[in-house]
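Asker: All you need for this note's numbering is the position in the sequence shown, starting with 1, plus 5. Built from N, CA and C at the ideal position, the CB exists for glycine as well. Structure incoming, see below.
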Amino acid sequence: MLNFFRKGITSKLMLVVLGIGLFAIVATGFGTDGMGGLGGGGTTATTGDTLVEVGDQTVTSTEISDQVNRQIDRLRQQNPELDLATFFRGGGYEEILNQLVTAKAMLGFGREQGFAASKRMVDGEIASVPAFQNLAGQFDPEAFQRALRSERISEQQLREDLEGSLIQRQILVPVGGSPFVPQGLAQQYASLLLEQRSGSVGLVTSEAVAAGLAPGDAEIAAFFRQNQARYAVPERRVVRFAPIGAEQVAAAAQPTEAELQAAYRDAGAKYAARESRDLSQVVLPGQAAARAFAAKLAGGTSFAQAASQAGFSVADTRLGAQERQAFERLTNAAVANAAFSAAQGGTTQPLQSALGWHIVRVEAINNRPAVPFNNVRAELVTQVSERKRQEALANLVTRIDDALGGGASMEEAAQANGLRIQETPALTATGQNPADPAFRAPPELQPILKAGFDMSADEDPVVETMGPAQFAIVAVSRIVPAAPPALAQIREQVRADLIRDRASARARTLAQSLADKINRGMAPTQAFASAGVRLQPLQRISARRIDIARSGQQVPAPLVMLFSLPKGRAKILAAPGGAGWFVVHTENTVPGNSASQPQLIQATRTQFERILGDEYSAQFARAVQNRLEVERNEGQIRSLKQQLQGGGPVQ
């Protein structure tokens, strides 16, 4: 609710990039602690030019380059058409640099003060990351390595980053963990939440003032020149690819008769004759009780009756079908030997295991004959074919990858391995073809496009994973930079936009004149009646701050403005989509009183304490940075930014 009182953060693209500490921040979810994301920073790379020295820590061009490339990859998952220009225009480069500087300052301070993160602590963090776990929720080394490869970082980098994050957590949790907000302050803000305001809102539409707007060719051309970025088509790429899949290794995957026979033999017990027994048992705590139970059986009492007298139900005693090895794991060798030596209907003598004294009854003996080879031949063909297919495909991919790494061209690698090279049209990252609006890239082409847009213009062909058992050689054939089309192709659109802009400017002028009249004392209804054009009727609006805060939906902008205007004042506000301009007037305010709502006061206090804790942490981090000697190489910083803006990952 208190966000209602807080000023909006500057709208930067890099709001998404808060918390930059390598993969740890994304994988574990910590690091974005309300301070602009100071988690991470444990990496201590020494390669690359030094951009900033923070005490005994350094921020290098290699670290910044890695982070920029990694963050652009992540942002493109949300907005595939994001280009480098937009990223840098949004302050992404500076945000990453500043966060890394602060992170290094916190790490250096923590180590100086004796804070540390043990290997066991880091291991615990790694094991708790869902991305590193299997379906059973257990740490999976293979999933761990896959995730690292996907993020293109080493295990050492991750460990260093987690170490830094843990040290920062040790420092900042106590700093931000005990803020105090006085009851009186919380009550004042809680009362503000109960304040009620009423007023009116009117809309001056662009359409209402658009009459007579008919721009000529020269005006349209000038408008197009001034607004070319508005019509720019996103960067497009022509991607060449050669699919590698099961069809390329189909012949090599066919099993021979000898391989099928070997697989049958290797299966061993799976197809061999085997015996299982339906067993019932009682487990008694002492030998005397077990002997007494056996004596009852010898005297003619049935097993079920004797078990019932001893307090066991049928569900307690019935084990169902058991095989010897499985039953031995439940008991021990002696008990299992006795149970599988007794005749059907027989009962074993009392035998001891770690659980107690067992008496077992054999309810039935089930013998399954060996399964003949011919009965499972089809099953074996499937199993062996799949294994050979995987092996052959892995060998093929390795062979092609080695060839490309050795300098072979895409054509040479494809011809040597029977692959067919294909080429996409010039497509955007989302698979659209501006030259053919009806075109939609099929789903199987999306991984190819993603790989192509992840590559730099001059990067050699690479083998990329496209899906389960699907690979492809991928190379960028041509890059069409983001640029507007010829004016002739979109003239009508440009003309309509120019008319819309001019109509919006007219509407703004009229709306401001109406607001000025209201602010000079004219009634809103009278002001709108004097507009000279036909406008929609004024609407009455009324709300409490708390209702807006609790709405859970996007609050209409005029309603928000109602609470930012003094009583009796009016102000204009742009309507969504260029539809026109609102004139918002605050007519009356009724102060709130939270004295009778202690729960609201406490909720307000709790939220203030959280905000205050975040502010404490942020101020502490700034103080740490100011305490250390920070030297920035502005020339290297500018040079790296220019290099990165040139396109493609920096090596």
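Residues in the same chain with beta-carbon distance under 8 Å from Leu102, minus the five sequence neighbours each way, listed in chain order, please.
Answerer: As a working note, residue 102 is residue 97 in the sequence shown. Taken in chain order, the residues that qualify are Leu56, Val57, Val64, Ile69 and Ile642.
Asker: Is the region 611 to 629 close to the region 179 to 192, with three or more CB pairs under 8 Å?
Answerer: The region 611 to 629 vs the region 179 to 192: in contact.
Asker: Distance cutoff 8 Å, beta carbons only. Does Ala132 sit that close to anything in chain C?
Answerer: The structure shown contains no chain C, having only a single protein chain.
Asker: Applying the 10 Å Cβ sphere with the 16-neighbour rule, what's the burial state of Leu198?
Answerer: Within the sequence shown, residue 198 is the residue found at index 193, counting from 1. By the neighbour-count rule (16 or more Cβ atoms within 10 Å), Leu198 is buried.
Asker: Would you call the region 617 to 624 and the region 566 to 579 touching, i.e. three or more CB-CB distances under 8 Å?
Answerer: No: fewer than three Cβ pairs fall under 8 Å.
Asker: What span of residues does the beta strand (DSSP E) with Ile546 cover, start to end?
Answerer: The residue given as residue 546 occupies position 541 in the sequence shown. From DSSP, the beta strand (DSSP E) with Ile546 extends over Gln544 to Arg549.
Asker: What is the DSSP secondary structure of Pro581, reduced to helix, strand or coil?
Answerer: Locating residue 581 in the sequence shown gives position 576, counting from the first residue. Correct three-state label for Pro581: helix.
Asker: When we look at the beta-carbon of Ala580 and count the other beta-carbons within 10 Å, is it buried (16 or more) or exposed?
Answerer: Walking along the sequence shown from the start, residue 580 turns up at place 575. With 16 or more Cβ atoms within 10 Å of its Cβ, Ala580 is classed as buried.
Asker: Report the option in Gly96, Glu200 and Phe93 whose CA atom is closest to the CA atom of Asp552.
Answerer: Position 547 of the sequence shown, counted from the start, is the residue given in the question as residue 552. The option with the nearest alpha carbon to Asp552 is Glu200.
Asker: If you reduce the DSSP assignment to three classes, tell me which class Gln201 lands in.
Answerer: Counting from one through the sequence shown, the residue named residue 201 turns up at place 196. Three-state result, Gln201: strand.
Asker: Who does Asp283 pair with in a DSSP beta bridge?
Answerer: To locate residue 283, count along the sequence shown from 1; it is residue 278. Answer by DSSP bridge pairing, in chain order: Ala326 and Ala369.
Asker: Relative to the C-alpha of Ala256, which residue among Ala274, Ala234, Arg513 and Lys393 is closest?
Answerer: Taking the first residue of the sequence shown as position 1, residue 256 is located at position 251. Cα-wise, what sits closest to Ala256 is Lys393.
Asker: Between Leu208 and Phe587, is the Cβ-Cβ spacing less than 8 Å?
Answerer: As a position in the sequence shown, residue 208 is number 203, starting the count at 1. As a position in the sequence shown, residue 587 is number 582, starting the count at 1. Cβ distance < 8 Å, so Leu208 and Phe587 count as in contact.
Asker: Taking the beta carbon of Gly115 as the centre, do at least 16 other beta carbons fall within 10 Å, making it buried, or is it exposed?
Answerer: As a first step, residue 115 must be located in the sequence shown, where it is residue number 110. When all chains shown are included, Gly115 counts as buried.
Asker: Got a sec? Which residues, its chain only, sit under 7 Å from Met566 by beta carbon, not counting five neighbours each side?
Answerer: Locating residue 566 in the sequence shown gives position 561, where the first residue counts as 1. Closer than 7 Å at the Cβ level, and outside the excluded window around Met566, lie Lys576, Leu578 and Val589.
Asker: Consult DSSP for Met527 and reduce its assignment to one of helix, strand or coil.
Answerer: Mapped onto the sequence shown, residue 527 falls at position 522. In this structure, Met527 counts as coil in the three-state DSSP scheme.
Asker: If you reduce the DSSP assignment to three classes, tell me which class Pro135 lands in.
Answerer: Here the question's residue 135 lines up with position 130 in the sequence shown. Helix.
Asker: Below 8 Å between beta carbons: does that hold for Val386 and Leu284?
Answerer: Residue numbering aside, residue 386 sits at position 381 when the sequence shown is read from its first letter. Residue numbering aside, residue 284 sits at position 279 when the sequence shown is read from its first letter. No, they are not a contact pair.
Asker: Quick one: Cα of Gln475 to Cα of Phe185, how far?
Answerer: The sequence position of residue 475 within the sequence shown is 470, counting from 1. The sequence position of residue 185 within the sequence shown is 180, counting from 1. Looking at the two C-alpha atoms, the distance is approximately 58 Å.
Asker: Cα separation between Gly36 and Ser170?
Answerer: By 1-based counting over the sequence shown, the position of residue 36 is 31. By 1-based counting over the sequence shown, the position of residue 170 is 165. Any answer about Gly36 is weak, because its pLDDT of 31 lies below 50 and its placement is not dependable; what the coordinates show is given next. Near 7 Å, if we compare the C-alpha coordinates of Ser170 and Gly36.
Asker: Can you list, in chain order, the stretches of the alpha helix (DSSP H) that have 4 or more residues and sit fully within the region 401 to 432?
Answerer: You should have 415 to 421.
Asker: Hey, how far is the Cα of Ser196 from the Cα of Leu543?
Answerer: By 1-based counting over the sequence shown, the position of residue 196 is 191. By 1-based counting over the sequence shown, the position of residue 543 is 538. In a straight line, the C-alpha of Ser196 is about 30 Å away from that of Leu543.
Asker: List the DSSP bridge partners of Arg637.
Answerer: Taking the first residue of the sequence shown as 1, we reach residue 637 at position 632. Answer is Val57.
Asker: Alpha carbon to alpha carbon, what distance is there between Ala456 and Val467?
Answerer: Locating residue 467 in the sequence shown gives position 462, where the first residue counts as 1. Locating residue 456 in the sequence shown gives position 451, where the first residue counts as 1. About 9 Å.
Asker: Helix, strand or coil for Val629, going by three-state DSSP, please let me know.
Answerer: For this step, residue 629 is matched to residue 624 along the sequence shown. Helix at Val629.
Asker: Would DSSP call Ala575 helix, strand or coil?
Answerer: Position 570 of the sequence shown, counted from the first residue, corresponds to residue 575. Looking at Ala575 - three-state DSSP - the assignment turns out to be strand.
Asker: Give the DSSP bridge partners of Thr65, in chain order.
Answerer: By 1-based counting over the sequence shown, the position of residue 65 is 60. DSSP, once it has assigned bridges, lists Thr55 as partnering Thr65.
Asker: Give the secondary structure of Ser358 by DSSP, where H, G and I count as helix, E and B as strand, and everything else as coil.
Answerer: Residue numbering aside, residue 358 sits at position 353 when the sequence shown is read from its first letter. Strand at Ser358.
Asker: Rank Phe308, Arg373, Ala148 and Arg151 by C-alpha distance to the C-alpha of Thr353 and give the top, closest one.
Answerer: The residue you call residue 353 lines up with position 348 of the sequence shown. It is Phe308.
Asker: Assign Arg245 to one of two classes, buried (16 or more other C-beta atoms within 10 Å of its C-beta) or exposed (fewer than that).
Answerer: Looking up residue 245 in the sequence shown gives position 240. Buried is the call here.
Asker: Is Thr591 helix, strand or coil when you go by DSSP?
Answerer: For this step, residue 591 is matched to residue 586 along the sequence shown. Strand at Thr591.
Asker: At the level of alpha carbons, what is the spacing between Asp463 and Asn438?
Answerer: Translated into positions along the sequence shown, residue 463 becomes position 458. Translated into positions along the sequence shown, residue 438 becomes position 433. Cα-Cα distance, rounded: 23 Å.
Asker: Just to confirm before moving on: does the CB-CB distance between Ser205 and Pro529 stay below 8 Å?
Answerer: Walking along the sequence shown from the start, residue 205 turns up at place 200. Walking along the sequence shown from the start, residue 529 turns up at place 524. Going by C-beta atoms, Ser205 is nearer than 8 Å to Pro529.
Asker: Please classify Ile158: does DSSP put it in a helix, a strand, or coil?
Answerer: Numbered from its first residue, the sequence shown carries residue 158 at position 153. Three-state DSSP puts Ile158 in coil, outside helix and strand.
Asker: For Arg242 and Gly423, what's the separation of their Cα atoms in angstroms?
Answerer: Start at 1 with the first residue of the sequence shown, and residue 242 comes out as number 237. Start at 1 with the first residue of the sequence shown, and residue 423 comes out as number 418. Their Cα atoms are separated by approximately 26 Å.
Asker: Specify whether the region 625 to 637 and the region 221 to 233 touch according to this definition: at least 3 beta carbon pairs, one from each stretch, less than 8 Å apart.
Answerer: At 8 Å Cβ cutoff, the stretches do not touch.
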